[in-house]
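**Student:** Structure in structure tokens, see below.
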Amino acid sequence: MESPCQRIVWDVLPAIRAAIAVELVKCGVAQVEAARMLEIAPSAVSQYLSGKRGYRIEFENDVKRSIELLAEDLKDGKKVNLVKRTCEICRQLRDGDEQCGGPSGTTSE
Numbered sequence: 170m171e172s173p174c175q176r177i178v179w180d181v182l183p184a185i186r187a188a189i190a191v192e193l194v195k196c197g198v199a200q201v202e203a204a205r206m207l208e209i210a211p212s213a214v215s216q217y218l219s220g221k222r223g224y225r226i227e228f229e230n231d232v233k234r235s236i237e238l239l240a241e242d243l244k245d246g247k248k249v250n251l252v253k254r255t256c257e258i259c260r261q262l263r264d265g266d267e268q269c270g271g272p273s274g275t276t277s278e
């Protein structure tokens, strides 16, 4: 049986990072720079963009907007507590369902 914590680590956090990376690149940020901003490897950004990693959750509008705002703040060079903001986005998903698969986020499995 998969616990909610396993789901967060294996599905939710990678999906959030992927969505932020995609948003940064859409805003004109280079993949290497997006990786630096997110404190991840450039290869991870490449895999997020190609859909090889981090694609299991489709976010609803409120979560998408939070991701867009975080990406804008990163792009604009604002001081961002990445862990705190990522946790806030994760909480938005968990508020919809303890398994992170309810109204605020659905899995594509």
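For what it's worth, my numbering labels the leading residue of the sequence shown as 170, then goes sequentially. All residues carry an ideal CB built from backbone N, CA and C; glycine is no exception. These figures come from a predicted structure and were not determined experimentally.
Looking at L218 and V191, is the spacing between their C-beta atoms short of 8 Å?
**Tutor:** Yes, Cβ-Cβ distance for V191 and L218 is below 8 Å.
**Student:** Spatial neighbours of L193 within its chain, please: C-beta separation below 7 Å, excluding the five flanking residues on both sides.
**Tutor:** Result list for L193: A203, M206, A240, L243, K244, in chain order.
**Student:** What is the DSSP secondary structure of I177, reduced to helix, strand or coil?
**Tutor:** Three-state result, I177: helix.
**Student:** Given a cut-off of 8 Å, decide if I236 and A199 are closer than it, judged by their beta-carbon atoms.
**Tutor:** No; because the gap between Cβ atoms is not below 8 Å, this pair is not in contact.
**Student:** Within 7 Å: the Cβ of I177 and any heavy atom of the ligand SAH?
**Tutor:** The ligand SAH is not part of the structure shown, which contains no ligands of any sort.
**Student:** Looking at the unbroken beta strand (DSSP E) that takes in E227, where does it start and where does it end?
**Tutor:** Its beta strand (DSSP E) spans residues 226–228.
**Student:** Once DSSP output is grouped into helix, strand and coil, what is the label at M170?
**Tutor:** If DSSP states are grouped into helix, strand and coil, M170 belongs with coil.
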